[in-house]
Each structure stands twice: as C-alpha cells, then as structure tokens.
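A.B. asks: Below you will find the structure I want to go over with you.
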Amino acid sequence: MIPFAFNFYCESLLCEFCVSRYMEIDKAIRESGDQRLKTKYNNAIHVIQRALALYSIEEVAFSFNGGKDSTVLLHLLRAGYFLHKGEQSCSNGGLTNFPVRTIYFESSSAFTEINSFTYDIASLYGVQLDIIRTDFKSGLEALLKAKPIRAIFLGVRIGDPTAVGQEQFSPSSPGWPPFMRVNPILDWSYRDVWAFILTCKVQYCSLYDQGYTSIGSIHDTVPNALLCISDSSSSKEKFKPAYLLSDGRLERAGRVKKISPSVRGRSPTVANGMDIVDSQKHGMLTASVIAVGDEILSGTVEDQLGPSFCKKLHSIGWSVTQTAVVRNDVDSVAEEVERRKSANNMVFIYGGVGPLHSDVTSAGVAKAFGVRLAPDEEFEEYLRHFIGDHCTGDRNEMAQLPEGITELFHHEQLPVPLIKCQNVIILAATNITELDKEWTCLLELLGCSESLALMEPFTSKSLTTNLPDVEVAQPLSKLCLEFPDLHIGSYRKSRQEILIISFEGKDRARIDSAIESLCKKFRAGAFSETA
Ligand SMILES: Cc1cc2nc3c(=O)[nH]c(=O)nc-3n(C[C@H](O)[C@H](O)[C@H](O)COP(=O)(O)O)c2cc1C
Ligand SMILES: Nc1ncnc2c1ncn2[C@@H]1O[C@H](COP(=O)(O)OP(=O)(O)OP(=O)(O)O)[C@@H](O)[C@H]1O
Ligand SMILES: [Mg+2]
C-alpha cells in the first residue's frame, strides 16, 4: 500500500514515482494473461482518451461514490489521463493530485462504510471531492451553472437499469441539465469489474466482502442472498464476498425494489392507489394510450391507431384518460410510461417496435420500470420463425425485452406474441388492419383476465340547444359536480351551429336524472334530445 504521505514527496521529487504510481494499473493489466480484461481495459481507456481529446480538463468531471464500478473508473481515469498526457505532464509536476474534478453526492441514507471509503480513497489518491448534498438533478444544475463542465464520467454498466438506451457517449436526458454522460465501462460485465479489481489489487469498499454486490442506499440494499453461507449454529447470517457471485446478472438481487408508499403491498396493476379489482367493483377501469413516433409529431404521418384504439377500449367499457404522442427517444418513452402506468389500470403503447435505431419502445418501458433489457429466448424463437435466422446473432436487439416483468401472450393468428410488462402492453401494430387483428387476439387472450376485463359498456345521450354558451355555462358546471360519475361534455360543430351537450356513463337512470335536472333549470323546450 502506498502511504498517504506520499503525496507530499511527490510534489517536489516526482517523475519516476509518479509514472510508476499512475502506470501500475496499466502494467498489471498488460502483465495479466486475461485477454478479455485487456480488451475491456483498452476500450475503456480509448473512451477516456477520446473524451479528454474532445473536452478540456476543466470541462470534465467524474461522478464518484465509492461503489465498485466508480472505483474501477477512478483507476481507469488515472491511467487514461496519464496515457493521454504522456510523461510530459509528469515533468511539469502536474500529476500529483488527481486532475479531474470529482463530484460526490453525499446522502444521509448512504452506508457509513461507503462514505468513509469514498473519503479515504479521495485522500489516498489526491482526489479533491466536490461534495453535493442535494438531489442529483438540482446538484448538477447548480454545478453546471458554476463550472464550465460539459462532460461527466460515470461508472454505469449495461446491466444497470439506468443504462437502458445509453451509449458510451450519451447526452443527459431531457429535463436534466445539458451535459455529455461518458460511460467508459458501459460494456463491462460484473465479472469484468471484479477481474479488474482483483488483478490490479486495488482497494474496494468493505461492504463487498460482506455479501453486498451492488450498493444503493441503506433503505434499499441488503447483502445478496445468493452469497449467504447458511450456518444453522449461528443466529447471524454470513456471506461470501461479492467477487464470488457466479452469475453477474443477479448482481442486484440485494437491491430491494423501490416501491412508492401508495403502491406498497398492492398488485402491480394499480391506478390512483386503487387496484384493478377495486376499480372493477366501482365499474371504472382506466387506460392510457401512447403512440411513439417522431413522424407523427412532425405531421408527416397521421396517427390513425390512437382514435381507433380509444373506440375499442370504450366499447368494452374502459375509460381512456389520456392519449399521448412521444418522440422515438428512450427517455421520452420512459417518462410518459412512468407517469401513465401508476395513474391507470393499463397503458397501451405502439410505434417504435422493431430492430431499427428508432425502435426504442421496449427500452423506454424497461427504463420506466427500472429494469434492464435482456435477451428473451422465447421471443427470439418466435422472431426466428417469423423473420428467419438472419435476425438472430450476438445482439438481436429485437429479442431484448424488459427483464423480469415481461409476459408473452401467443395467439395463433399473430406471428409474434403480444408483450405485456406488468400493466403496460406493447403493440406491434403499424396500421388499422393489424390493430384490429391484435385487438381481437388481445380480447381472446386477456378478455377474461383482470388485465383487460370486459366492463359494462358506456351508454350516452345528447341534447341540443339554441341557448348561448354564457347562459348554459354555470348550470352545466354545477351539474358536473352533482353527477361526478358521468362525463358531461359540450361542443359545437361550428361557432354558428347549435350547442350539443353529451352525457355518458354506465347507468342510464343517472343520465336521465342529470338531463332532467338540467332541463328544470331552464324554460320548457330549451333542450331537445337527439337520436
Ligand atoms: C452525474 C449523474 C448524472 C446523471 N444523469 C442522468 C440523466 O441524464 N438522466 C437520467 O435519467 N438519470 C441521470 N442520473 C441518475 C441515474 O441514472 C440514476 O437514477 C441514479 O444514479 C440513481 O440510481 P439508483 O436508482 O440505482 O440509486 C444521473 C446521475 C448522476 C450521478
Ligand atoms: N451518490 C453518488 N455520487 C456520485 N456519483 C454517483 C452516486 N451514485 C451513483 N453515482 C454514479 O453512478 C454510477 C452508477 O452507480 P451504481 O450504483 O450503479 O454503481 P456503483 O455505485 O459504482 O457500484 P455498485 O453497482 O456496486 O453500487 C456510479 O459509478 C457513479 O459514477
Ligand atoms: Mg452504487
């Protein structure tokens, strides 16, 4: 171990010590016989060097939190910076301290071990920490206002739920302050991370020796049960170290799912804190319909599926609370799905399904649920039948589906199964004919289940009147308050034509009472019922 005091000597003596200190990682990797690790290392160093060529040192920052991934990244950045600058900077005496601005979002719900490891490592390697004590978004907003930062290095890896849709260089999401996210270890696996740490013999947080495999906050993280050594004689459970986890895909098994208080303990199909069975009892099930397509937003293509889908849902007694069109962009899809899935019993989404770069719907749904995209063998098998073998390969993007939340529903009329991720159904339809077919299959497959229960149909009546809007407005708003179980709407076909007032609900008697109540407020004959 290099003593902490080394920093002081380094200021004046430098060179050889510094070179060896910065290059010890590079040397360890090159001397190891692990070809895969060498490739991963070279790729990561390449990304770092590219970022350092694109941005000045004042324009980059490193987001460090003492976790294993950011620990790996710290060492890669040290090596990458040295390789980028070459020995010349060492003779300038510039490499004593870690040169990249480093930010740490300190939180009271962090493990004390993580906190102290972060501080210890910072002093050991001369890392000046900028401590931020607000949430990520506002912290970054303030930081970017105060400093010229344009790119931030993160230890995000492809298996992380937050990595969905990201590449090695990914601009921050819409709604976040603008910066480039640089993810040098995006393509590293869990095993690669431990191979690096063990090969280079670098320190890591002690929690990883106690069975923790991925560390969030004290409220959502426990040791990974897969590493538990059952010991019946002792009341205290013991765990093997994190690097012994054989299946890296289960790295997050110790992360307790984040559940919002209103949803805790309820079925995943929840609307406004009321689950589908409650909603059914009250005779109202709600859905949202989301279309994904830049071409709809630019007006190049008219969305015909949305209105048709609303009619179909309405015909089985469901209430559509919202339709939306979003861009072909993972974050836009994720944001909309996240909002809609907790406010409705079901969400239906179409567009952006397929193998093209713009087909991001599955990724957006995965991100909304905080899970990753993973290859789905069953789905791949269907695709193979449908498209042929040329669609498969190492990375058949189309066969990647949100992990752990996806159910496939196959119907003989459909070439590929319908995809359901908890209360979100992804439709592959691209035109009305395909939608009609998918809808028929959906009803056959799910019409008897809670997911798409057939509800009592809506019934409606309309009145027309010559009365001016101003006269009708107030009594009509009062009526809406008196009959909250009805949809009472009013519209005209043009400014010159008569006003139409529509009443819709599930109980015809209630509609009749509402009409009677409105008519009573005006002279006889003011309204006439339309057919
Ligand atoms: C420096 C930094 C930048 C981030 N940028 C984004 C972003 O652009 N978009 C986004 O959705 N989340 C962003 N996040 C949030 C992370 O994706 C993720 O939500 C966060 O690390 C919490 O992860 P956890 O839920 O696993 O604890 C950022 C976080 C950090 C620290
Ligand atoms: N509190 C934080 N402060 C600064 N950066 C953070 C913070 N939380 C997350 N990050 C950034 O996001 C990255 C991904 O976080 P994540 O929790 O997936 O990885 P990790 O903490 O490095 O390792 P582990 O998966 O074992 O927890 C981190 O490597 C770091 O760059
Ligand atoms: Mg972590």
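Under the UniProt record's numbering, think of the first position of the sequence shown as 1, with each following residue one higher.
Heads up, the beta-carbon is just placed ideally off N, CA and C, and yes, glycines get one too.
(1) Here's the rule I'm using: 16 or more other beta-carbon atoms within 10 Å means buried, otherwise exposed. How should H75 be labelled?
(2) Closest to L186 by C-alpha separation, out of A291, I498, H46, S517, would be which residue?
(3) What is the residue span of the beta strand (DSSP E) that residue 608 lies within?
(4) Does the Cβ-Cβ distance between F169 and V72 come in under 8 Å?
(5) Excluding the five sequence neighbours on either side, which residues of its own chain have a C-beta within less than 7 Å of the C-beta of V193, listed in chain order?
(6) Could you check the C-alpha separation between S56 and R50 for me, to the nearest Å?
(7) Apart from the five residues on each side of it in sequence, which residues of its chain come closer than 7 Å, Cβ to Cβ, to R264?
(8) Distance, Cα to Cα, E106 vs A374?
(9) With DSSP as the reference, identify every bridge partner of S528, one or two as the case may be.
(10) Any heavy atom of ligand 2 closer than 7 Å to the CB of Y125?
(11) Is the distance from the Cβ of G66 to the Cβ of N97 below 8 Å?
(12) Tell me whether I515 sits in a helix, a strand or coil according to DSSP, three-state version.
(13) By DSSP, does Q400 sit in helix, in strand, or in coil?
(14) So, under 8 Å CB-CB, L154 and R191 are touching, yes? Tell me the CB distance rounded to an integer number of Å.
(15) Judging by CA-CA distance, which residue of E59, A79, L445 is the nearest neighbour of I25?
(16) Whole angstroms are fine: how far does the CA of K420 sit from the CA of L452?
(17) Could you tell me the alpha carbon to alpha carbon distance between I349 and T323, rounded to whole angstroms?
(18) Measuring CA to CA, which of K478, D135, S332 is closest to D294?
(19) Three or more C-beta pairs closer than 8 Å, one from the stretch 337 to 354 and one from the stretch 424 to 439: is that the case here?
(20) Mind checking whether the beta-carbon of L73 lies closer than 7 Å to any heavy atom of ligand 2?
(21) Please say whether A44 and T199 have beta carbons closer to each other than 8 Å?
(22) Label R327 either buried or exposed according to how many other C-beta atoms from any shown protein chain fall within 10 Å of its C-beta, with 16 as the threshold for buried.
(23) Helix, strand or coil for Y104? Go by DSSP, reduced to three states.
(24) Check whether the Cβ atoms of A287 and V320 sit closer than 8 Å, and answer yes or no.
(25) For a quick check, are the C-beta atoms of S490 and S460 less than 8 Å apart?
(26) Going by DSSP in three states, I197 sits in which element: helix, strand or coil?
(27) Can you tell me where the beta strand (DSSP E) with residue 551 in it begins and where it stops?
(28) Under DSSP, the alpha helix (DSSP H) around A151 begins and ends at which residues?
(29) Run through DSSP, which three-state label would S172 get?
(30) Which residues mark the beginning and the end of the beta strand (DSSP E) in which I445 is found?
(31) Quick one: is R30 buried, meaning 16 or more other Cβ sit within 10 Å of its Cβ, or exposed?
(32) Return the CA-CA distance between residue 532 and D359, expressed in angstroms with no decimal places.
(33) In its own chain, which residues sit with a C-beta less than 6 Å from the C-beta of G393, not counting the 5 before and 5 after it?
(34) Cβ-heavy atom distance between R508 and ligand 1 below 7 Å?
(35) Let's test the definition: count the other Cβ atoms within 10 Å of the Cβ of A151 and tell me whether it reaches 16, buried, or not, exposed.
(36) Do A399 and F379 have their beta-carbon atoms positioned less than 8 Å apart in this structure?
C.D. replies: So, from the listed chains and residues:
(1) Here residue 75 refers to the residue found at position 75 when the sequence shown is read from its first residue. Its Cβ being crowded by 16 or more others within 10 Å, H75 is buried.
(2) Numbered from its first residue, the sequence shown carries residue 186 at position 186. If we check each option's Cα against that of L186, H46 comes out closest.
(3) Since the first and last residues shown for the chain are 1 and 531, residue 608 lies out of range.
(4) What you label residue 169 is simply residue 169 of the sequence shown in a count that begins at 1. What you label residue 72 is simply residue 72 of the sequence shown in a count that begins at 1. Not in contact: F169 and V72 (Cβ atoms no closer than 8 Å).
(5) On the sequence shown, position 193 is the one that residue 193 refers to. When the five nearest sequence neighbours on each side are left out, the beta carbons in the same chain lying within less than 7 Å of the beta carbon of V193 are those of K68, D69, V72, in order along the chain.
(6) For the purposes of this step, residue 56 is taken as the residue at position 56 of the sequence shown. For the purposes of this step, residue 50 is taken as the residue at position 50 of the sequence shown. Cα to Cα, the separation comes out at about 11 Å.
(7) Taking the sequence shown and counting its residues from 1, the one referred to as residue 264 is at position 264. At R264 the pLDDT is 29, less than 50, meaning the model places this residue with poor confidence; the figure from the coordinates comes in the next sentence. Contacts found: none.
(8) For this step, residue 106 is matched to residue 106 along the sequence shown. For this step, residue 374 is matched to residue 374 along the sequence shown. Roughly 31 Å separates the two Cα atoms.
(9) As a first step, residue 528 is located in the sequence shown; it is residue number 528 there, counting from the start. Looking at the DSSP assignment, S528 forms a beta bridge with T464.
(10) For the purposes of this step, residue 125 is identified with residue 125 of the sequence shown, where counting begins at 1. Distances from the CB of Y125 to the heavy atoms of ligand 2 are all 7 Å or more.
(11) Locating residue 66 in the sequence shown gives position 66, counting from the first residue. Locating residue 97 in the sequence shown gives position 97, counting from the first residue. No, the pair does not count as a contact, with Cβ atoms beyond the cut-off.
(12) Here residue 515 corresponds to residue number 515 of the sequence shown, with the count starting at 1. Reduced to three states, the DSSP call for I515 is helix.
(13) The residue labelled residue 400 in the question sits at position 400 within the sequence shown. Strand at Q400.
(14) Here residue 154 corresponds to residue number 154 of the sequence shown, with the count starting at 1. Here residue 191 corresponds to residue number 191 of the sequence shown, with the count starting at 1. Cβ atoms of L154 and R191 stay farther apart than 8 Å, at about 20 Å.
(15) Your numbering for residue 25 matches position 25 in the sequence shown. When only C-alpha atoms are compared, the closest one is A79.
(16) Start at 1 with the first residue of the sequence shown, and residue 452 comes out as number 452. Start at 1 with the first residue of the sequence shown, and residue 420 comes out as number 420. So the alpha carbons of these two residues sit roughly 11 Å apart.
(17) Against the sequence shown, residue 349 aligns to sequence position 349. Against the sequence shown, residue 323 aligns to sequence position 323. For I349 and T323, the distance between alpha carbons rounds to 10 Å.
(18) By one-based count along the sequence shown, residue 294 stands at place 294. The closest CA to that of D294, considering only K478, D135, S332, is found on S332.
(19) As far as the Cβ criterion goes, the stretch 337 to 354 touches the stretch 424 to 439, which means the pair count is three or higher.
(20) Translated into the one-based positions of the sequence shown, residue 73 becomes position 73. Yes, ligand 2 has a heavy atom inside 7 Å of this Cβ.
(21) For this step, residue 199 is matched to residue 199 along the sequence shown. For this step, residue 44 is matched to residue 44 along the sequence shown. Remark: C-beta atoms of T199 and A44 do not approach each other more closely than 8 Å.
(22) To locate residue 327, count along the sequence shown from 1; it is residue 327. Residue environment: R327 is assigned as buried (16 or more neighbouring CB atoms within 10 Å of its CB, all protein chains considered).
(23) Within the sequence shown, residue 104 is the residue found at index 104, counting from 1. Y104 falls in the strand class under three-state DSSP.
(24) Here the question's residue 287 lines up with position 287 in the sequence shown. Here the question's residue 320 lines up with position 320 in the sequence shown. One thing to note: A287 has its Cβ within 8 Å of the Cβ of V320.
(25) Counting from one through the sequence shown, the residue named residue 490 turns up at place 490. Counting from one through the sequence shown, the residue named residue 460 turns up at place 460. Cβ atoms of S490 and S460: not closer than 8 Å.
(26) For this step, residue 197 is matched to residue 197 along the sequence shown. Here DSSP, grouped into helix, strand and coil, assigns I197 to helix.
(27) Because the chain in this structure spans residues 1 to 531, residue 551 falls outside the shown range and cannot be described.
(28) Indexing the sequence shown from 1 puts residue 151 at position 151. Counting along the chain, A151 falls outside any alpha helix (DSSP H), though it belongs to the beta strand (DSSP E) covering 151 to 153.
(29) Within the sequence shown, numbered from 1, the residue matching residue 172 stands at position 172. Residue state for S172 is assigned as coil, using DSSP reduced to three classes.
(30) Locating residue 445 in the sequence shown gives position 445, counting from the first residue. Strictly speaking, residue 445 in this sequence is Leu, with Ile absent from that position. Segment 432 to 446 is the alpha helix (DSSP H) holding L445; no beta strand (DSSP E) there.
(31) Residue numbering aside, residue 30 sits at position 30 when the sequence shown is read from its first letter. By the neighbour-count rule (16 or more Cβ atoms within 10 Å), R30 is not buried but exposed.
(32) An answer regarding residue 532 cannot be provided, because it is not within the stretch 1 to 531 covered by the chain.
(33) Within the sequence shown, residue 393 is the residue found at index 393, counting from 1. With a pLDDT of 45 at G393, under the threshold of 50, the modelled position of that residue is not reliable, and the figure given next carries that caveat. Around G393: no qualifying Cβ.
(34) Start at 1 with the first residue of the sequence shown, and residue 508 comes out as number 508. Every heavy atom of ligand 1 is 7 Å or more from the Cβ of R508, so no.
(35) Numbered from its first residue, the sequence shown carries residue 151 at position 151. Counting Cβ neighbours within 10 Å, A151 comes out buried, since at least 16 surround it.
(36) Taking the sequence shown and counting its residues from 1, one reaches residue 379 at position 379. Taking the sequence shown and counting its residues from 1, one reaches residue 399 at position 399. Contact check for F379 against A399 passes: the beta carbons are separated by less than 8 Å.
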